[in-house]
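In this text, residue positions in the sequence shown follow the numbering used here: the first is 136, and each later residue adds one. For each residue, glycine too, the CB sits at the ideal point set by N, CA and C. Small disclaimer: the values here were computed from a predicted structure and weren't measured.
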Amino acid sequence: GAESAVSDTYPENRRELLRAFRNSPKIIISYSHDTPYSAFYDSVAQSISSKESEIEILVKADDAISAEDIQTHAMLFLGKLPSSGMLSSLARDLPISFSEKTLKIQEATFDEEGIILHLNTYPNPLNPSMPLWMTTGRQDEDVVLWFKDTPNGWNLNTWRQWGVEVFQGSQK
Numbered sequence: 136g137a138e139s140a141v142s143d144t145y146p147e148n149r150r151e152l153l154r155a156f157r158n159s160p161k162i163i164i165s166y167s168h169d170t171p172y173s174a175f176y177d178s179v180a181q182s183i184s185s186k187e188s189e190i191e192i193l194v195k196a197d198d199a200i201s202a203e204d205i206q207t208h209a210m211l212f213l214g215k216l217p218s219s220g221m222l223s224s225l226a227r228d229l230p231i232s233f234s235e236k237t238l239k240i241q242e243a244t245f246d247e248e249g250i251i252l253h254l255n256t257y258p259n260p261l262n263p264s265m266p267l268w269m270t271t272g273r274q275d276e277d278v279v280l281w282f283k284d285t286p287n288g289w290n291l292n293t294w295r296q297w298g299v300e301v302f303q304g305s306q307k
């Protein structure tokens, strides 16, 4: 949960994570392929890929991510977190949690509609030497609306941010 040893050294780990990513610029972009929004998420992944030509980008279904993938790639997850599988396991060890009605980040609880969470350059709990990025919400519809309301969406400046950011619509 949020009591992870990783969070105690997060700023130092962040530098190490970015260094590891620069040394092996490979990332898997993943989202649930079971959602009616999978084509939209695929277009977001393709947009990111076209902006980040120096990074090797693979797009994989959330249920197709292997242990080897986690050991060799940074990860970016888009959309509502799955309730089972490897990404669900990963989410249990992040400083965030979701229910049908709330989003909790450590001690802060948000129950407003349309809350979006960005987890930026965070140690992947399943491989703390590799970074994890996540744009998620309680519902896929909220995430899709955020991308539609945010003209630049994911870009290199987003990659350089760190920590947890909370949005309601396009407002922080």
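Cβ-Cβ distance between residue i and residue j below 8 Å
i       : j       : result
Ala-155 : Met-265 : yes
Thr-271 : Lys-215 : yes
Asn-259 : Leu-213 : no
Residue i versus residue j: straight-line alpha-carbon distance, rounded
i       : j       : result
Lys-186 : Pro-160 : 14 Å
Asp-197 : Arg-150 : 27 Å
Leu-238 : Gln-274 : 11 Å
Lys-195 : Asp-246 : 31 Å
Glu-203 : Asn-262 : 10 Å
Thr-170 : Asn-158 : 34 Å
Ala-199 : Thr-244 : 31 Å
Asn-148 : Thr-256 : 9 Å
Ile-205 : Ile-163 : 9 Å
Phe-233 : Arg-227 : 10 Å
Gly-298 : Ile-240 : 11 Å
Leu-267 : Glu-248 : 25 Å
His-208 : Glu-242 : 30 Å
For residue i, the first and last residue of its enclosing alpha helix (DSSP H)
i       : result
Ile-205 : 202-207
Ala-180 : 173-186
Glu-191 : Premise fails: Glu-191 lies in the beta strand (DSSP E), 191-196, not in any alpha helix (DSSP H).
Cutoff 7 Å; reference residue i; Cβ partners in own chain excluding five residues on either side
i       : result
Ser-184 : Ile-192
Tyr-176 : Tyr-166, Leu-213, Gly-214
Val-279 : Tyr-172, Phe-175
Residues near residue i by beta carbon distance below 8 Å, same chain, minus five either side
i       : result
Ile-250 : Leu-238, Gly-272, Arg-273, Asp-277, Val-301, Phe-302, Gln-303
Ala-235 : A quick correction: the sequence has Glu, not Ala, at residue 235. Here the set comprises Arg-273.
Residue interval of the beta strand (DSSP E) (run including residue i)
i       : result
Leu-254 : 250-259
Leu-267 : 262-272
Leu-238 : 238-240
Lys-283 : Per DSSP, Lys-283 belongs to no beta strand (DSSP E); it is in the alpha helix (DSSP H), 275-284.
Gly-298 : 298-303
Ala-243 : 243-245
Lys-215 : Where Lys-215 is concerned, there is no enclosing beta strand (DSSP E), given that its DSSP letter is neither H nor E.
Same chain, Cβ closer than 6 Å to residue i, five either side skipped, listed in chain order
i       : result
Leu-153 : none
His-253 : Thr-270, Glu-300
His-168 : Ala-196
Any C-beta of chain B under 8 Å from that of residue i
i       : result
Ile-231 : Going by chain labels, chain B is absent from the structure shown, which holds only one protein chain.
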